[in-house]
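This report refers to the structure that appears directly beneath it.
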Amino acid sequence: MRGLASVGIFQETESQQFILTPLAEHLSSDHPRSVKATAIMLGEAPHYQAWGNVLHSIKTGQPSFDDVFGMGVFEYFQTHPLDAEIFEQSMNSFSLSEEKAILAVYDFSEFQTLVDVGGGYGEVLGTILEQYPQLKGILFDEEYVISHCQPTLEKHGIVDRCQTVGGSFFESVPSGGDGYLLKHIIHDWDDRRAIAILKNCCQALDSDGKVLVLEMVVPAGNNPSAAKMLDLNMLVMCPGGKERTAEEFEELLSQTGLKLNRIIPTQEDICIIECVKK
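Quick note on numbering: the sequence shown equals residues 1 to 278 in UniProt numbering.
And the structure:
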């Protein structure tokens with residue numbers, strides 16, 4: 001505790017007790033920008049042991065997670081529900097910090113049905129549907145994730161406007177949407193598998209619809225960027241996962257039936273990469 005107090009996480013009182021600082025309040029589960037689940041996730045075995053084997057990734061370019069656990073991270077989550085729950089809670093906390101920034105720069109009123117591909121518990125989709133009451137949604141993710149989404153849909157009051165579908169986005173995605181949303185999905189995968197996901201979205205997309213890829217975009221040159229640090233985590237944890245530059249996204253999309261329309265920055269690190277059919 002004293003070590004953490006020395007860097008501003010806590011404050012030590014004269015009675016040798018510790019109180020929360022504004023920085024430490026982010027570790028509380030009820031803080032609007034809580035990082036509690038992320039802090040737990042980074043200290044638990046999946047991340048900790050994978051990063052302990054980081055030299056494997058540096059030498060081979062392959063995820064050290066697979067080398068340590070003998071399977072991919074998402075395969076691991078299917079058989080380790082407690083770790084999967086912490087991961088989804090962490091992703092949910094990222095969504096809570098990003099959704100306002102997304103809504104501030106993008107108008108979703110043009111859509112009738114928005115499909116959130118790999119949408120987790122539905123935090124981002126729920127916030128968008130709550131903001132746009134005329135909009136309908138389809139939340140799509142693996143069955144083991146979808147089975148836990150009901151509380152989030154109820155929180156946003158969208159149960160009657162949001163269909164839930166379980167499945168694999170490598171096989172297909174639900175049809176019927178004029179907007180497809182992929183937040184922090186493409187960075188999990190190498191180009192081959194990212195292209196497969198985007199092709200499925202393109203195939204399901206209405207002719208005049210849009211695919212919105214929400215990711216960090218690596219800036220050119222030696223500019224500081226959270227994307228460059230997250231890129232290291234993707235190397236360690238995911239099969240070919242990486243953060244991409246604008247040029248890399250454009251090249252990726254050129255192989256999917258989609259084309260880059262524009263990149264919209266937000267006040268957070270995340271950008272909205274708007275794609276349309278060729």
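A virtual CB, placed ideally from N, CA and C, is assigned to each residue, including glycine. Fair warning: this is a prediction, and the values are worked out from it, not measured in the lab.
For residue i, does the count of other Cβ atoms within 10 angstroms reach 16, so buried, or fall short, so exposed?
| i | result |
| --- | --- |
| residue 19 | exposed |
| residue 58 | exposed |
| residue 180 | buried |
| residue 131 | exposed |
| residue 262 | exposed |
| residue 141 | buried |
| residue 104 | exposed |
| residue 188 | buried |
| residue 123 | buried |
| residue 234 | buried |
| residue 259 | exposed |
| residue 218 | buried |
| residue 7 | exposed |
| residue 157 | exposed |
| residue 1 | exposed |
| residue 125 | buried |
| residue 109 | exposed |
| residue 118 | buried |
| residue 23 | exposed |
Roughly how many angstroms lie between the CA atoms of residue i and residue j, to the nearest whole one?
| i | j | result |
| --- | --- | --- |
| residue 256 | residue 195 | 6 Å |
| residue 192 | residue 242 | 13 Å |
| residue 45 | residue 95 | 23 Å |
| residue 91 | residue 173 | 21 Å |
| residue 17 | residue 28 | 18 Å |
| residue 71 | residue 65 | 8 Å |
| residue 159 | residue 120 | 15 Å |
| residue 201 | residue 54 | 33 Å |
| residue 13 | residue 251 | 56 Å |
| residue 197 | residue 170 | 6 Å |
| residue 265 | residue 15 | 47 Å |
| residue 276 | residue 67 | 38 Å |
| residue 214 | residue 129 | 17 Å |
| residue 52 | residue 77 | 19 Å |
| residue 40 | residue 84 | 12 Å |
| residue 246 | residue 162 | 32 Å |
| residue 144 | residue 206 | 28 Å |
| residue 222 | residue 3 | 32 Å |
| residue 135 | residue 220 | 37 Å |
| residue 253 | residue 244 | 12 Å |
| residue 278 | residue 183 | 22 Å |
| residue 153 | residue 79 | 25 Å |
| residue 88 | residue 208 | 32 Å |
| residue 199 | residue 211 | 11 Å |
Please report the residue range of the beta strand (DSSP E) in which residue i lies.
| i | result |
| --- | --- |
| residue 180 | 179-183 |
| residue 266 | Here residue 266 belongs to no beta strand (DSSP E), and DSSP marks it neither H nor E. |
| residue 272 | 270-277 |
| residue 117 | 113-117 |
| residue 12 | 10-12 |
| residue 18 | 18-20 |
| residue 164 | 162-166 |
For the alpha helix (DSSP H) holding residue i, just list the boundary residues, first then last.
| i | result |
| --- | --- |
| residue 2 | 2-5 |
| residue 217 | Note, residue 217: premise wrong, no alpha helix (DSSP H); beta strand (DSSP E) at 210-218. |
| residue 98 | 81-105 |
| residue 191 | 191-204 |
| residue 232 | 226-237 |
| residue 65 | 64-69 |
| residue 127 | 123-131 |
| residue 59 | 54-60 |
| residue 249 | 246-253 |
| residue 145 | 143-146 |
| residue 43 | 36-43 |
| residue 150 | 150-156 |
Assuming residue i and residue j make a contact with CB atoms under 8 Å, what is their CB distance in whole Å?
| i | j | result |
| --- | --- | --- |
| residue 63 | residue 239 | 6 Å |
| residue 146 | residue 166 | 4 Å |
| residue 34 | residue 26 | 6 Å |
| residue 203 | residue 101 | Not really, about 30 Å apart at Cβ, beyond 8 Å. |
| residue 50 | residue 86 | Rounded, the Cβ-Cβ distance is 14 Å, inconsistent with contact. |
Please confirm if residue i has its CB atom under 8 Å from at least one CB of chain D.
| i | result |
| --- | --- |
| residue 242 | Annotation note: the requested chain D is absent from the structure, which comprises a single protein chain. |
Please determine if the segment 174-181 and the segment 220-230 are in contact, where contact requires at least 3 C-beta pairs separated by less than 8 Å. The segment 220-230 and the segment 174-181 do not touch, with fewer than three beta-carbon pairs separated by less than 8 Å.
Across the segment 109-119 and the segment 70-89, are there enough close Cβ pairs to call them in contact, namely three or more that are closer than 8 Å? Verdict: no, contact absent.
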